[in-house]
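A.B. asks: Here's a structure for you.
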Amino acid sequence: MTTVALQVSNLSKQFGAKVAVNNVSLTVPVGSMFGLVGPNGAGKTTMLSMATGLLRPDAGTALVNGVDIWADPSAAKSTLGVLADGVRQFDRLSGRQLVTYSGLLRGMAQQEVAERTEDLLRVMDLTNDADKLVVDYSAGMTKKIALATAMIHSPKLLVLDEPFEAVDPVSAANIRDILADYVAYGGTVIVSSHVMDLVQRMCTHVAVIDGGVLKASGTVDEVRAGSTLEERFVELVGGRGTGEGLSWLRTS
Amino acid sequence: MVAHILRLKLRLLANGFRRSPWQLVGVIVGGLYALGLVALLIVAAWFVADQGSWLTPISVLVSSVVVLGWAIIPPLLTGVDLTLEPARFVHFGIPSKKLSPGLILAGFISVPALLTVVAMLCFSVLWRLNAGAFAVALLTNLATAVMAILACQYLTIVATTLRSKRRFREISFGLLFTVLIMLGPIINLVAQAGEQAGSWIGPVTEVLSYTPFGTFGAVPGSVLEQSFASSGLVHIGLGLLYLAGLVWLLVRATSAAVIAPPPQNKAAAAKGLGFFKWLPSTPTGAVAARCLTYWFRDPRYAISVIMVPLLPVLFYFMGTQTGNFTLMFLVGPIIGVLLGFSISADISYDNTAFALHVLTGVSGRADRAGRVLAVGLISIFPILAAGILPGLLSGQSWRVVGDLGLSLAALLVGFAVSSVVSARYTYSVPLPGDNPMKTPPGNGMRVAVTQLGTFALMGLLLVPVIIPFAFGLAQHSTMLGALTLALALIYGAGLLFAGMVWGGRWFEQRQPELMQAVMLNK
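This is the structure we're talking about:
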C-alpha cells in the first residue's frame, strides 16, 4: 500500500517559445485534500493535464497511486477520477445518460452504474434535471454533472480542476461535504482554485505555482507561515498594482 | 446616429476584406461572377425587349424571384452579415427611434444588397423601346430591390428568434440540404413546366402582380398598355402599402430585439437512458449507444447521412429523364462508401468531449468497435435494400447476389478505413452546436487531402471485390456474384477487424496528441 497518491517528478512542458510548466516535482500524500493555487496562466491546468494523461509531457513522470500514467495508462486511470477544465461534455446526452456513459466506459457492471448514477444525481441536486440535455444545463450544473462522471467508479484519487467555478454556494457546500467525507475515508483530492480563502479552509496541503514554477508546497500551515494564505500567495507571486486606479471611475 | 451606424457598417465591411487577402480574392471572384450574371441579365433583357405582351409577365416573374430569393435564402442560410444584429445593441441603451432607421439603412450596405440594386436597375433595359415605361421601370425596379432587402432583414430577425430554438435550426438545415440535393430534379421539373409556359404563366403572374413580390414589376407594363392611370396606380399603391407595412414590421421587430434579446432556447429532454438501455452494457456498447444518440440528435451527423435516402431519389429522377436506370445499381456501393466514410471524422466531431474517452481509459478497440457498431446498425437496412431491390425490381434477379456483395464490401471497407483514419488524421470540422454547413476557416487543404486520401484508399481496397463483380456482371453469372458476396463478407470482415486493431492501437498511443488536435480543432 503506497502512501503517495500522486508523485509528480520533473514535469516539463513547452508550447512553442513559452515554457508552460518548468521542472515541477510534487508529492501528494494519500488522504490529503491538496490545493493547487496560482494566478491565471500559471500552468495549473497544463500540469494537471500531464498528471492525468490528457497531455504528453516533454519530460518527467507522474505516478498515480504508484502506477506511471504514461507507462501503464489503463491501470493508472482505473484509480483516478478527473474533472478537466475547459473541455466540453458529450452534451447531447441527458445528465443521466452522461453519468451512465462514464461508468460503462470504465467497464463497470450495469446494475452498479445505475445505482451509483442515481446516488450521484441526488447528491449533486440534479435529479430533477436528469432527463434534460447537458447542453441546456447552466455552467454550474455542467460542472456538477462532470464531477459526477469523475466519481462514478469510486477512484482513489480525484483531480478536480476549478471544481467550484460557477457552482452556487449551496451546491458548493454540498460538494465540499462530499469531498471531506471522501478524504475522511481514505480518498485523496487535488483541487485547483483561485479562491485562497476556500483553499485555506478546505485543504490540508497546498502548492503554489506561478509561471510554470513551483513556488511553495507543503501543509497549509507550513506554506502560509503565520499569515493568511492569500497574503502569503501575493507575497510569493507578486504583481499587485501600485494603487493607482481609475480616478474617473469615482462617481461622486 | 444613423451616420454613425452606417460608418460602423462600412468599417466592418472594409475590415472583413482586410482580414485575409484570400477573403478579398474570394469577394472579387464572387463579385466578378455576379457582375457577369448582371451583364447576362442585361443582354437577355435587351433581346427580349421587343416581345410585347411577354414583358409584363417576365418583369413580374423576375421581381418575384428576387424578392422571394432574398426572403428565403439569407435568413435560412444565415447568409446575412449578423454583425449588426439588433440584439447586439441591447447594452447600449440607444433609443430605438434613432437606432432602427440606422440599422435598416445599414442593411443596404453589403455586397449582395448593392449588387441587387444594380442588377434591378439594369433590368429596366427590358423597357428600352418605350422611354416612359423605361423611366417608370427604373423607379419600380429600385422599389423591388428595396422590398427584397427589407423583407430579408425582417425575416432574418424573425428567423434569429426562432433559430435559438434548436429544433427549428435542425429542421431548417435538414430541409435546406434536401432542397439543395433535389435541385437537379427540381430544375428538370421547372424546365418541363417552362415548355408549357404559355398556359400557366398568365394567371400566375396575374396573381403575383398583386402580391408584395411582383406588384412593382407590373407597373411599367401599364405604361406600355396606356393603363397607367388605372391599373398602374393600383400596383404602385399596393406596392407602397406593402413597403410601408414592411417598414412598420421591421421597426417594431428591431425595437423589440433591441429591448429584449431573443429568448434562450427551451430545454430538450431525453426520458430515461434511451439507447443505453438497448445496447449491451460494455464499453463497446456504451460507445455505440452514445454515437447512436448523436446520430439522431446532432445535425452534423444527420447532414452526412441525408444523402442516403436522397441518392436513390436523385438517380431515379435522372433515370426518368434519360430512360436509363443503370445508375440505380450504383446506389448500394455509393451509400456503402458514404456511410463508411461518415465516421472518418468522428473524433473531430467529438471535439474536447473526447477527453472523457481519454480519462476513462477506454480501450482503443472498444472505442473503434462502438463507433462502427452504431453506424452499422443505422446502415444495415439501407444497404440491404440498396443492394437487393434494384436487381429484383428490374427483373434481373441473377445480379442481386453480386450487387449485395459489392454494397456490403463498400460498407465494410469504408468502416475499416475510417476506423484507422479517424484515430490518426483529424481535421477541423464544425463545432458541436455550430451551423453544420459552416466550414471552419483555415486548413482547407488538410481537409481536402485527408478526405481525398480516405476515399482513394477505400477505392483501392475495394478492387479485389470489384474484379469478380465486374466479371460476373459481364457474364451474367450468379456464381461469380456469389463469389463476390463471399469475398465481400470474408475480406471485408477481415479488413474491418484489422482496421479496428490497427486504429485501436493508434488511438491508444496517440490519445494526448488527439486531445491537442481536437482542442485546436485541426
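The listed protein sequences correspond, in order, to chains U and F. Residues 1 to 252 (the numbering used here) make up the first sequence, in order. Residues 253 to 774 (the numbering used here) make up the second sequence, in order. All residues carry an ideal CB built from backbone N, CA and C; glycine is no exception. All figures in this text were calculated on a predicted structure; none of them were measured in a lab.
So, helix, strand or coil for S631 of chain F, using DSSP?
C.D. replies: Here S631 of chain F sits in helix by DSSP.
A.B. asks: For A184 of chain U, does the count of other Cβ atoms within 10 angstroms reach 16, so buried, or fall short, so exposed?
C.D. replies: Flag for A184 of chain U reads exposed.
A.B. asks: Buried or exposed for V770 of chain F, please, with buried defined as at least 16 other CB atoms from any protein chain shown within 10 angstroms of its CB.
C.D. replies: Under this definition V770 of chain F is a buried residue.
A.B. asks: Using the Cα positions of I439 of chain F and V475 of chain F, report the straight-line distance between them to the nearest angstrom.
C.D. replies: Looking at the two C-alpha atoms, the distance is approximately 33 Å.
A.B. asks: Does DSSP classify T256 of chain U as helix, strand or coil?
C.D. replies: This structure leaves residue 256 of chain U out entirely; chain U is present only between 1 and 252.
A.B. asks: Measuring only between beta-carbons, confirm whether G43 of chain U sits less than 8 Å from chain F.
C.D. replies: No, G43 of chain U lies away from the interface with chain F (no Cβ there is under 8 Å from its Cβ).
A.B. asks: Less than 7 Å between C-beta atoms, sequence neighbours within five positions excluded: which residues of the same chain meet that for V388 of chain F?
C.D. replies: The answer, listed in chain order, is V471, P472, V475.
A.B. asks: Let me see if you follow: with CB-CB separation under 8 Å, is G694 of chain F close to chain U or not?
C.D. replies: Low confidence applies to G694 of chain F: its pLDDT is 47, below 50, so where it sits in the model is not reliable enough to give any reading.
A.B. asks: Could you give the C-beta distance for A509 of chain F and I409 of chain F, rounded to a whole number, given that I count them as a contact under 8 Å?
C.D. replies: Right, their Cβ atoms sit about 6 Å apart.
A.B. asks: Within 10 Å of its beta-carbon, does S479 of chain F have 16 or more other beta-carbons around it, so buried, or fewer, so exposed?
C.D. replies: Per the 10 Å Cβ criterion, exposed.
A.B. asks: Give the interface partners of F528 of chain F over in chain U, defined as CB-CB distance under 8 Å, in chain order.
C.D. replies: The answer, in chain order, is Q97, T100, Y101, L104.
A.B. asks: Please list the segments of the alpha helix (DSSP H) lying wholly inside the segment 606 to 631 of chain F, counting only runs of 4 or more residues, in order along the chain.
C.D. replies: You should have 607 to 612.
A.B. asks: With DSSP collapsed to three states, give me the class of K204 of chain F.
C.D. replies: Chain F is shown only over 253 to 774; residue 204 of chain F falls outside these bounds and no answer can be derived.
A.B. asks: Within 8 Å (strictly less), CB to CB, does G331 of chain F reach chain U?
C.D. replies: Confidence at G331 of chain F is low in this model, with a pLDDT of 49, below 50, so the placement of that residue should be treated as unreliable; the coordinate-derived value is given next. It does not; no Cβ of chain U falls within 8 Å.
A.B. asks: Quick one: list the residues of chain U neighbouring N788 of chain F, beta-carbon separation under 9 Å, in chain order.
C.D. replies: Nothing can be reported for residue 788 of chain F: it is not among the residues displayed for chain F, which extend from 253 to 774.
A.B. asks: So, at 6 Å on beta carbons, what are the nonlocal neighbours of R116 of chain U in its own chain, with the 5 sequence-adjacent residues on each side left out?
C.D. replies: These residues qualify, in order along the chain: I152.
A.B. asks: Among residues of its own chain, excluding the 5 on either side of Y546 of chain F, which ones have a beta-carbon nearer than 7 Å to its beta-carbon?
C.D. replies: Taken in chain order, the residues that qualify are Y553.
A.B. asks: So, is the C-beta of Q14 of chain U closer than 8 Å to a C-beta in chain F?
C.D. replies: It does not: the Cβ of Q14 of chain U has no partner Cβ on chain F nearer than 8 Å.
A.B. asks: Between the C-alpha atoms of L262 of chain F and H343 of chain F, what's the straight-line distance to the nearest angstrom?
C.D. replies: The straight-line gap from Cα to Cα measures roughly 22 Å.
A.B. asks: DSSP three-state label for D161 of chain U, please.
C.D. replies: Reduced to three states, the DSSP call for D161 of chain U is strand.
A.B. asks: Who pairs with D68 of chain U in a beta bridge, going by DSSP?
C.D. replies: Answer by DSSP bridge pairing, in chain order: U:L63.
A.B. asks: For the pair the segment 207 to 217 of chain U and the segment 33 to 47 of chain U, tell me if three or more CB-CB distances fall below 8 Å.
C.D. replies: These segments touch.
A.B. asks: Got a sec: which bits of the segment 139 to 157 of chain U sit with their beta carbon under 7 Å from any beta carbon on chain F, in order along the chain?
C.D. replies: Those would be T149, in chain order.
A.B. asks: So is D161 of chain U in contact with chain F if we call contact Cβ pairs under 8 Å?
C.D. replies: Chain F contact via Cβ: absent.
A.B. asks: According to DSSP, simplified to helix, strand and coil, what is K156 of chain U?
C.D. replies: Note: K156 of chain U maps to coil in three-state DSSP.
A.B. asks: What would DSSP say about Q14 of chain U, mapped onto helix, strand or coil?
C.D. replies: Strand at Q14 of chain U.
A.B. asks: Please check the pair L658 of chain F and T736 of chain F, which I expect to be a contact at CB under 8 Å, by giving their CB distance rounded to whole angstroms.
C.D. replies: Contact flag correct, Cβ pair sits at about 6 Å.
A.B. asks: Select from U:V159, U:T188, U:R96, U:S138 the residue whose C-alpha is nearest the C-alpha of A166 of chain U.
C.D. replies: Out of U:V159, U:T188, U:R96, U:S138, U:S138 has the C-alpha closest to the C-alpha of A166 of chain U.
A.B. asks: With contact counted as at least three CB pairs below 8 Å, one residue from each stretch, are the segment 76 to 85 of chain U and the segment 125 to 141 of chain U in contact?
C.D. replies: Segments in contact, no.
A.B. asks: My output table needs one value for K523 of chain F: the three-state DSSP class, helix, strand or coil.
C.D. replies: K523 of chain F falls in the coil class under three-state DSSP.
A.B. asks: Within 10 angstroms of the Cβ of T702 of chain F, are there 16 or more other Cβ atoms? Answer buried if so, exposed if not.
C.D. replies: Flag for T702 of chain F reads buried.
A.B. asks: Below 8 Å on C-beta distance, what does T52 of chain U contact in chain F?
C.D. replies: Per Cβ cutoff of 8 Å: L611.
A.B. asks: Compute the distance between the beta-carbons of V610 of chain F and L54 of chain U, then report whether it is under 8 Å.
C.D. replies: Cβ atoms of V610 of chain F and L54 of chain U: closer than 8 Å.
A.B. asks: Between L110 of chain U and S533 of chain F, which are expected to be in contact by the criterion C-beta below 8 Å, what is the C-beta distance as a whole number of angstroms?
C.D. replies: Per the sequence shown, the amino acid found at residue 110 of chain U is Gln instead of Leu. Indeed, because the Cβ distance is near 4 Å, the residues count as touching under 8 Å.
A.B. asks: Around the Cβ of Q763 of chain F, are there at least 16 other Cβ atoms within 10 angstroms (buried) or fewer (exposed)?
C.D. replies: By the neighbour-count rule (16 or more Cβ atoms within 10 Å), Q763 of chain F is buried.
A.B. asks: Assess, as a yes-or-no matter, whether the segment 596 to 608 of chain F is touched by the segment 734 to 749 of chain F under the definition of 3 or more beta carbon pairs within less than 8 Å.
C.D. replies: Touching, no.
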